[in-house]
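Participant:
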Amino acid sequence: SVQLLIGSTAKYVDTISECQLKDEGYCNHNLKTRVTGEGAIRLCWHHDNMADDSHQAFSIARKNTVRHGLMAVSRQLHGEV
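Heads up: the sequence shown is residues 1 to 81, going by full-length UniProt numbering.
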């Protein structure tokens, strides 16, 4: 399957070092990766508790999946990026 060829999107998202729902408000320093039906998103504990069914969170998760897929294809074609 394609997933076996490109690897886990969650593992890619694990490398993101800040909350992807970061705003001007509070962000906790502890991060986690939330896997959704759209992909995965990196969130601080605060935003993870607030982001249930957030359209913005699902949109970012989808973008992470696309970005991860494109990077994996580039690695397959050209070597490490």
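Think of the CB as a built atom: it goes at the ideal place given N, C-alpha and C, for glycine as much as any other residue.
Since we're looking at a predicted model, the values are computed, not measured.
Please classify H47 as buried or exposed, where buried requires at least 16 neighbouring CB atoms within 10 angstroms.
Facilitator: Answer is buried; the Cβ neighbour count reaches 16.
Participant: Name the residue from H55, M50, E38, R67 whose alpha carbon lies nearest to the alpha carbon of I16.
Facilitator: Residue R67 is the option with its Cα nearest to I16.
Participant: Can you say whether R75 is buried or exposed, counting buried as having 16 or more other CB atoms within 10 angstroms of its CB?
Facilitator: When all chains shown are included, R75 counts as exposed.
Participant: Determine whether the beta carbon atoms of L43 and K32 lie at a separation below 9 Å.
Facilitator: Contact flag set, yes.
Participant: Mind checking who residue 82 pairs with in its DSSP beta bridge?
Facilitator: Any property of residue 82 remains undetermined from this structure, which presents the chain solely from 1 to 81.
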